[in-house]
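As C-alpha cells, the structure follows; a few thoughts come after it.
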Amino acid sequence: MASAGRPSPDMEPLYFELQSDFGITKHMGGRKATHELIELCHLEAGQSVLEVGCGIGSTTRYLAGECGLLVTAVDISPRMVERARERAKRRGVAARVEFKVVDAQQLPFAEASFDAVIDESVTAFVQDKQRALGEYVRVAKPGGYVGLNEATWVKLPPPELVRYTAMIMAGADFLTAEGWQALLEGAGLGELSTRQHPFDARSQYIQELRQLDVREYLAAWYRFLTQSAINPAYRKFMQQVMSAPGQIFKFIKHIGYGIYVGRKLN
Ligand SMILES: C[S@@+](CC[C@H](N)C(=O)[O-])C[C@H]1O[C@@H](n2cnc3c(N)ncnc32)[C@H](O)[C@@H]1O
Numbered sequence: 001m002a003s004a005g006r007p008s009p010d011m012e013p014l015y016f017e018l019q020s021d022f023g024i025t026k027h028m029g030g031r032k033a034t035h036e037l038i039e040l041c042h043l044e045a046g047q048s049v050l051e052v053g054c055g056i057g058s059t060t061r062y063l064a065g066e067c068g069l070l071v072t073a074v075d076i077s078p079r080m081v082e083r084a085r086e087r088a089k090r091r092g093v094a095a096r097v098e099f100k101v102v103d104a105q106q107l108p109f110a111e112a113s114f115d116a117v118i119d120e121s122v123t124a125f126v127q128d129k130q131r132a133l134g135e136y137v138r139v140a141k142p143g144g145y146v147g148l149n150e151a152t153w154v155k156l157p158p159p160e161l162v163r164y165t166a167m168i169m170a171g172a173d174f175l176t177a178e179g180w181q182a183l184l185e186g187a188g189l190g191e192l193s194t195r196q197h198p199f200d201a202r203s204q205y206i207q208e209l210r211q212l213d214v215r216e217y218l219a220a221w222y223r224f225l226t227q228s229a230i231n232p233a234y235r236k237f238m239q240q241v242m243s244a245p246g247q248i249f250k251f252i253k254h255i256g257y258g259i260y261v262g263r264k265l266n
C-alpha cells in the first residue's frame with residue numbers, strides 16, 4: 001500500500017478552497033465512473049444514499065435528478081456545501097437533497113440510516129481512512145452497500161511522486177487496488193466487487209463535460225485561468241504545481257482509478 005507524506009499545512013485547504021472558488025471538483029472517470037458506482041451499489045429510484053465529499057455537487061444533482069434518489073450530501077468544506085446547495089436549487093432538485101457540513105471520519109447520522117453510502121475521490125484525502133470506512137459502514141443499512149470511486153496507483157509510484165501529489169493535492173494519499181480493497185475488508189464489508197481503469201486524459205475531459213454543462217465548465221476554466229494571472233493564492237498553487245513539471249507526466253503514467261464496493265452483511 002503506498003502512503004504519502006503530508007503537505008505543508010497552508011497548502012492543505014488551498015487546493016479545495018480554489019476548487020470551490022472557480023467551481024469545479026473532480027473524480028476520475030467522470031459520469032461513466034458514477035454510473036459504475038450506482039450499478040455496483042444496486043441503487044434504485046426512491047432509495048436513500050449518503051454522498052460523502054459532494055464537492056460542488058455535480059453528482060449530487062445527478063443522483064437526486066436523473067436517478068430519483070433521496071440524497072444526503074455532505075462535505076467538510078462549508079464553501080463546497082454552499083456551492084452544491086446552489087446547484088441543487090438551480091437545477092430544481094433541492095427538495096430531494098439534504099446538505100450538511102460534516103467530516104467523513106465522524107458522521108452525525110444514526111446507525112443503519114442509508115441504503116448506500118458512496119464517495120468519489122474523497123477518502124484519499126481523509127487522514128484516518130479506516131475510521132472513515134468504519135463510519136460509512138455504521139450508517140449503511142444491513143444489506144446495503146458502501147461504494148468508493150478512488151484514484152488508484154496502477155503502477156507503484158516512486159517516493160518523490162507520492163510526495164509531489166500529496167503536496168499539490170491537499171495531502172492526497174492514493175492507494176493501490178489492494179490497499180483500497182483491504183480498507184473495505186478491514187471495515188467488515190463482504191461481497192466485494194472491484195474494477196480498475198487506467199487514466200485516459202481525452203475520455204476524462206469528455207466525461208467532465210458531461211457532468212457540468214458546457215457554459216459552467218467554460219466559465220470555471222475562464223475563472224481559473226484569469227485568477228491564475230492575478231490572484232496570489234492561485235499563483236501560489238500554480239507555482240507548487242510547476243515546481244516539478246516532470247512529475248505531472250509521471251503521475252499520468254502511474255495513476256488510474258477504481259470502483260470498490262462492498263456489502264454490509266449484518
Ligand atoms: C476531489 S474533491 C471530489 C468532490 C466530488 N466528490 C466530485 O467528484 O466532484 C474531494 C472533496 O472531498 C472533500 N473532503 C476532503 N476531506 C474530507 C473529509 N474529511 N470529510 C468530508 N469531505 C472531505 C473536499 O472538501 C472536496 O470537496
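For the sequence shown, this note's numbering begins at 1 and goes up steadily by one.
C-beta: ideal position from N, C-alpha, C; glycine also.
Following the DSSP letters along the chain, one finds residue 232 inside the alpha helix (DSSP H) bounded by residues 232-242.
Going by C-alpha positions, residue 246 is about 23 Å away from residue 197. Rounded to whole angstroms, residue 244 and residue 254 show a C-alpha spacing of 16 Å. At the C-beta level, residue 75 and residue 105 stay beyond 7 Å of one another.
Look at residue 71: its beta carbon is at least 6 Å from all of the heavy atoms in ligand 1. Burial check for residue 81: the Cβ neighbour count within 10 Å reaches 16 or more, so the residue is buried. Around the beta carbon of residue 116, 16 or more other beta carbons lie within 10 angstroms, which makes this residue buried.
Residue 210 is not a Cβ neighbour of residue 91, given a cutoff of 7 Å. Three or more Cβ pairs drawn from the stretch 15-30 and the stretch 232-243 lie within less than 8 Å of each other, which places the two stretches in contact.
For residue 122, the closest of 114, 151 and 99 by C-alpha to C-alpha distance is 151. In terms of side-chain proximity, the C-beta atom of residue 224 is found no nearer than 6 Å to any non-hydrogen atom of ligand 1. Judged by the Cβ position, residue 55 qualifies as a neighbour of ligand 1 at the 6 Å threshold, a heavy atom of the ligand being closer than this. Taken in chain order, the complete beta strand (DSSP E) segments of 3 residues or longer contained in the stretch 56-86 are 70-75. Counting other Cβ atoms within 10 Å of its Cβ, residue 205 stays below 16 and is therefore classed as exposed. Residue 166 has its CB no nearer than 6 Å to any heavy atom of ligand 1. Of the other Cβ atoms in all chains shown, 16 or more fall within 10 Å of the Cβ of residue 132; this residue is therefore buried. Around the beta carbon of residue 184, a 10 Å sphere encloses 16 or more other beta carbons of the protein chains shown; the residue is thus reported as buried. Between the alpha carbons of residue 169 and residue 125 lies a distance of about 8 Å. Here residue 261 is near residue 145, since their CB atoms are less than 7 Å apart.
The beta carbons of residue 63 and residue 49 sit about 6 Å from each other, so the pair counts as a contact at 8 Å. In this chain, the beta strand (DSSP E) harbouring residue 48 covers 48-52. For residue 189, the closest alpha carbon among the candidates 199, 213, 195 and 142 is that of 142. Less than 7 Å separates the beta-carbon of residue 55 from that of residue 25. With respect to residue 60, residue 97 sits close: the two C-beta atoms are nearer than 7 Å. Out of 229, 77, 79 and 85, the CA that lies nearest to the CA of residue 71 is found in 85.
Following the DSSP letters along the chain, one finds residue 35 in no beta strand (DSSP E) but inside the alpha helix (DSSP H) bounded by residues 30-40. Not one heavy atom of ligand 1 lies closer than 6 Å to the C-beta of residue 36.
About 13 Å separates the CB atoms of residue 252 and residue 174; that is not less than 8 Å, and the two are not in contact.
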